[in-house]
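> So that we are looking at the same thing, I have put the structure below in structure tokens.
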Amino acid sequence: MRRSTVPPRRPHTRGPWSYLAWLVSRQRGRVTLGAVLGSAWMMGLALPPYVLSRAIDSLAKSQQNVVLGWTAVLLLVGGVLAGLSIWRHRTMTRVRMDAALRTVSEVNAHGIRLGDTMARRALTGEVVAIGGGDAWTIGRSLTATGPGVGAVLAYVVIAVLLLRISVLLAVVVLAGVPVLALVVGPATRRLRTVGTPYREQQSRVTGRIVDIVAGLGVLNGLGGKAVYADRFRAESQRLLQHGYRVGRVTSVIQAAGLGLPTLFSAVVVWLAARLAVEGSITVGELVAVAGYAAVLAVPVASFIEGALDLSQALVAARRVTDFLDVRPDSTGSAVPPGRGDLIDEASGLRIAPGTFAAVATAQYSDAVALVDRLGGFRPGATWAGQPTSELDPAQLHKQVLVADNDAALFAGSLAQVVAGRLDVADLGEAAILDALHTAAADDVVRGLPEGLGSRIDSGGRNLSGGQRQRVRLARATIADPTVLLAVDPTSALDAATEATVVDRLTHHRRGKTTLVTSTSALVLQGADVVHLLADGRVVASGTHTALLANPAYAALVHRGRPVTSAHDPEIQA
């Protein structure tokens with residue numbers, strides 16, 4: 001299966017209406033089918049009362065054979081309508097799901113493009129709120145593209161059928177449209193007005209929850225739980241007040257959705273009964289009018305439900321377009337072509353292209369800071385003469401990959417987890433198995449009931465610590481970056497597995513720039529060059545064997561006295 005070279009159309013973010021139109025344009029065929037099925041089903045609802053009236057009038061004239069014929073037609077119509085209803089519902093469910101999941105996908109992709117811009121602008125809660133509610137609100141509104149069109153046509157058809165019976169009845173039905181607009185129109189506009197601050201406050205509360213959950217351990221240590229609990233309580237109360245305002249308007253619209261159809265039915269049936277008493281219409285026509293009035297409740301309710309869903313969707317779509325319009329703080333310059341030295345100015349580290357290098361330090365934070373600088377997450381490093389922090393993050397991180405030891409593992413099949421941002425079908429099973437083999441994770445595949453198709457829980461909860469670490473390493477190697485920066489990639493492995501990983505990784509990355517941080521002798525002896533860090537500075541470099549003559553290095557790798565200062569007398573020896 002080949003990957004398409006045609007770039008996907010970006011969503012329209014000029015406003016909520018344009019975004020909803022873009023979602024419709026992404027599935028024109030499905031939406032058109034839903035509109036056709038919805039129209040056929042709603043217009044078909046007018047057939048049973050018509051057929052029933054003909055059967056009753058035939059019965060009144062003692063035409064038994066005709067009655068049986070109309071009864072058979074009624075059964076046939078019922079079966080067709082049932083089939084249309086099922087088909088229509090399935091189609092509109094697909095429309096709704098496509099719109100919701102497409103919104104989630106676009107928001108997630110844009111969040112990745114924003115990178116740390118999202119954290120600095122406190123947009124994490126916005127993303128969670130969009131994925132948790134707004135996307136599904138938007139998806140639900142697209143359901144109106146089916147019954148919405150059908151409701152208009154059904155309303156017209158019923159008015160025409162009533163016109164054949166009585167002009168007065170038809171006029172009453174048609175007059176319901178402006179009444180509906182007068183009642184529902186102002187309420188939907190009011191809903192958008194009160195819905196916007198409710199949605200903004202909901203985002204703030206969600207963001208507060210994300211912050212509390214992420215920092216719960218820190219809050220426990222500092223004794224700050226009570227402070228944050230008070231803040232969350234206050235913001236929740238404000239959200240509650242906004243929710244009451246939204247609820248009041250929503251209740252009016254929903255009450256109209258129940259009350260107006262009932263009112264129409266009552267008025268129409270009462271008028272028809274008067275006409276039947278006067279002899280102006282037959283008993284069969286009276287039954288037909290009662291049926292039409294009952295059917296009329298469906299398009300009227302669809303009008304109101306659609307207006308409510310659309311009002312809520314416009315508020316949600318505004319939040320989505322506002323988020324999609326956020327630009328990264330700095331897009332950065334283009335990544336330099338070709339190969340170049342990777343230099344960390346803060347530590348004095350220099351890595352030549354194609355080198356498998358290792359960094360040994362007793363301070364884990366120094367190793368993380370070094371990798372962050374080299375990876376462009378902090379200033380202070382250059383690649384091919386250009387500052388990594390000023391390069392375009394999207395381009396840079398396709399070539400310079402930071403493999404963090406606690407990077408997130410998303411839920412999915414083992415193949416999907418290893419493939420990461422790449423497509424499983426494009427990669428093929430052989431490439432995924434090869435990446436797992438490089439990470440010495442063959443036993444992970446064999447140990448799972450369905451192999452590569454086995455389900456991996458979010459965060460890899462159904463894997464052991466060592467298995468998670470090897471799966472992360474497999475994901476990093478299959479991306480095949482120009483530069484791989486791995487932080488303690490074997491810290492959770494036993495010695496035998498660690499030796500296997502080092503042997504396979506050095507073979508797999510031969511000729512490509514690789515940096516690993518570790519204090520394991522098994523890892524360090526596999527590197528072309530090892531750099532010893534103390535106080536965040538490179539204090540010694542060489543092969544593992546050569547550096548063992550340095551007492552401080554020997555003590556570090558043999559789990560002896562750690563090196564914590566560049567002024568350590570053993571370093572100077």
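In full-length UniProt numbering, the protein residues as written are 1 to 573.
We put the CB at the ideal spot given by N, CA and C, even for glycine.
Figure out for me which residue from N462, D423 and N108 has the closest Cα to the Cα of R475.
Locating residue 475 in the sequence shown gives position 475, where the first residue counts as 1. Looking at the Cα atoms, D423 is the closest of the given residues.
> Would the beta-carbon of G542 be found less than 7 Å away from any heavy atom of the ligand NAP?
You won't find the ligand NAP in this model; it holds no ligand whatsoever.
> So what does DSSP say about T477, is it helix, strand or coil?
On the sequence shown, position 477 is the one that residue 477 refers to. The answer is helix: DSSP assigns T477 an H, G or I state.
> Does the Cβ of P489 have 16 or more other Cβ atoms within 10 Å, making it buried, or fewer, making it exposed?
Within the sequence shown, numbered from 1, the residue matching residue 489 stands at position 489. Classification for P489: buried.
> Taking 8 Å as the threshold (C-beta atoms), are L391 and L342 in contact?
Taking the first residue of the sequence shown as 1, we reach residue 342 at position 342. Taking the first residue of the sequence shown as 1, we reach residue 391 at position 391. No, Cβ-Cβ distance for L342 and L391 is not below 8 Å.
> So what does DSSP say about H531, is it helix, strand or coil?
If you number the sequence shown from 1, residue 531 lands on position 531. Residue state, collapsed to three classes: strand.
> Less than 8 Å between the beta carbons of R30 and T91, yes or no?
Taking the sequence shown and counting its residues from 1, one reaches residue 30 at position 30. Taking the sequence shown and counting its residues from 1, one reaches residue 91 at position 91. Yes. Within cutoff.
> Consult DSSP for D366 and reduce its assignment to one of helix, strand or coil.
Mapped onto the sequence shown, residue 366 falls at position 366. Three-state result, D366: helix.
> Look up L484 in the DSSP assignment and give the residues it is bridged to.
The sequence position of residue 484 within the sequence shown is 484, counting from 1. In DSSP, L484 forms a bridge with L401 and T514.
> Assuming A170 and L163 form a contact by the criterion Cβ under 8 Å, report the distance between their Cβ atoms to the nearest whole angstrom.
Numbered from 1 along the sequence shown, position 170 holds the residue referred to as residue 170. Numbered from 1 along the sequence shown, position 163 holds the residue referred to as residue 163. So it is a contact: roughly 4 Å between Cβ atoms.
> Grouping DSSP H, G and I as helix and E and B as strand, with all else coil, what is V218?
Here residue 218 refers to the residue found at position 218 of the sequence shown. For V218, the pLDDT reaches just 45, beneath the cut-off of 50, and the residue's location in the model is therefore unreliable, although a value from the coordinates is still provided. In the structure shown, V218 sits in a helix (DSSP, three-state: H, G or I).
> So the beta strand (DSSP E) T32 belongs to, where does it begin and stop?
As a working mapping, residue 32 is identified with position 32 in the sequence shown. Note, T32: premise wrong, no beta strand (DSSP E); alpha helix (DSSP H) at R28 to G44.
> By how many angstroms is the C-alpha of S541 removed from the C-alpha of A381?
Start at 1 with the first residue of the sequence shown, and residue 381 comes out as number 381. Start at 1 with the first residue of the sequence shown, and residue 541 comes out as number 541. One Cα belongs to A381, the other to S541, and the distance between them is close to 19 Å.
> What residue range is occupied by the uninterrupted beta strand (DSSP E) comprising G428?
Within the sequence shown, numbered from 1, the residue matching residue 428 stands at position 428. Here G428 belongs to no beta strand (DSSP E), and DSSP marks it neither H nor E.
> If you drop the 5 nearest sequence neighbours on each side, which residues of the same chain put their C-beta closer than 8 Å to that of H397?
Position 397 of the sequence shown, counting from 1, holds the residue named residue 397. Counting only Cβ-Cβ distances below 8 Å, and skipping sequence neighbours, we find G375 and G376.
> Quick one: which unbroken beta strand (DSSP E) runs of 3-plus residues sit fully inside the stretch 277 to 357? Chain order, please.
342 to 344 and 349 to 351
> Going by beta-carbon coordinates alone, are V287 and L52 separated by less than 8 Å?
As a first step, residue 287 is located in the sequence shown; it is residue number 287 there, counting from the start. As a first step, residue 52 is located in the sequence shown; it is residue number 52 there, counting from the start. Yes. Within cutoff.
> Any idea which residues DSSP pairs V359 with across the strands?
As a position in the sequence shown, residue 359 is number 359, starting the count at 1. DSSP, once it has assigned bridges, lists T517 and H531 as partnering V359.
> Residues in the same chain with beta-carbon distance under 6 Å from A479, minus the five sequence neighbours each way, listed in chain order, please.
As a position in the sequence shown, residue 479 is number 479, starting the count at 1. Cβ within range, chain order: L401.
> Excluding sequence positions up to five away, which residues of its chain have a Cβ less than 7 Å from the Cβ of A109?
Along the sequence shown, read from residue 1 onward, the residue named residue 109 stands at position 109. Closer than 7 Å at Cβ, skipping near neighbours: no residue.
> In its own chain, which residues sit with a C-beta less than 8 Å from the C-beta of L45, not counting the 5 before and 5 after it?
Position 45 of the sequence shown, counted from the start, is the residue given in the question as residue 45. Cβ within range, chain order: L81, A154, V295 and V298.
> Is there contact here, the stretch 525 to 534 with the stretch 341 to 360, by at least three beta-carbon pairs under 8 Å?
Output reads yes: the stretch 341 to 360 touches the stretch 525 to 534.
> Run through DSSP, which three-state label would R373 get?
By 1-based counting over the sequence shown, the position of residue 373 is 373. DSSP places R373 in helix when its eight states are reduced to three.
> Output needed for Y364: all residues of its chain with C-beta closer than 6 Å, excluding positions within five of it in sequence on either side, in chain order.
As a position in the sequence shown, residue 364 is number 364, starting the count at 1. Within the same chain, Y364 has no close Cβ partners at all.
> In the DSSP output, which residue or residues are listed as bridge partners for I456?
The residue given as residue 456 occupies position 456 in the sequence shown. Its beta-bridge partners are G412.
> Between W383, V156, W41 and P48, which has its C-alpha nearest E285's C-alpha?
As a first step, residue 285 is located in the sequence shown; it is residue number 285 there, counting from the start. Of W383, V156, W41 and P48, the residue nearest in Cα terms is P48.
> Helix, strand or coil for Y553, going by three-state DSSP, please let me know.
Position 553 of the sequence shown, counted from the first residue, corresponds to residue 553. Note: Y553 maps to helix in three-state DSSP.
> Using the rule of at least 16 other Cβ atoms within 10 Å of the residue's Cβ for burial, across every protein chain shown, is Y553 buried or exposed?
Start at 1 with the first residue of the sequence shown, and residue 553 comes out as number 553. That one is buried.
> If contacts are defined as beta-carbon pairs under 8 Å, then A384 and G340 qualify, I think. What distance do you get, rounded to the angstrom?
Position 384 of the sequence shown holds residue 384. Position 340 of the sequence shown holds residue 340. With 8 Å as the limit, A384 and G340 qualify as a contact, their Cβ atoms being about 3 Å apart.
> Using only the alpha-carbon positions, how far apart do R537 and D503 sit?
For the purposes of this step, residue 537 is taken as the residue at position 537 of the sequence shown. For the purposes of this step, residue 503 is taken as the residue at position 503 of the sequence shown. Their Cα atoms are separated by approximately 28 Å.
> For the beta strand (DSSP E) that contains G542, what are its first and last residues?
Numbered from its first residue, the sequence shown carries residue 542 at position 542. G542 -> beta strand (DSSP E) spans R537 to G542.
> Just to confirm the assignment, what range does the beta strand (DSSP E) spanning T382 have?
Residue 382 sits at position 382 when you count from the first residue of the sequence shown. It spans A381 to W383 - the beta strand (DSSP E) in which T382 sits, taken as one unbroken run.
> Can you name, in chain order, every residue of its own chain whose Cβ lies under 7 Å from the Cβ of V418, other than the five neighbours on each side?
As a first step, residue 418 must be located in the sequence shown, where it is residue number 418. Around V418: I432, A435, L436, V471, A474, R475 and I478.
> Rounded C-beta distance between H544 and L524? I'm assuming under 8 Å.
For the purposes of this step, residue 544 is taken as residue 544 along the sequence shown, with counting starting at 1. For the purposes of this step, residue 524 is taken as residue 524 along the sequence shown, with counting starting at 1. Between H544 and L524, the beta carbon gap of about 4 Å places them in contact (Cβ cut-off 8 Å).
> Smallest Cα separation from D344: which of A40, G451 and L515?
Reading the sequence shown from its first residue, position 344 is the one you call residue 344. It is L515 whose Cα lies nearest to the Cα of D344.
> What residues in its chain sit with their C-beta under 6 Å from that of G465, if we drop five residues either side in the sequence?
Position 465 of the sequence shown, counted from the first residue, corresponds to residue 465. Exclusion of the five residues before and after G465 leaves A492 as the residues of its chain whose Cβ lies within less than 6 Å of its Cβ.
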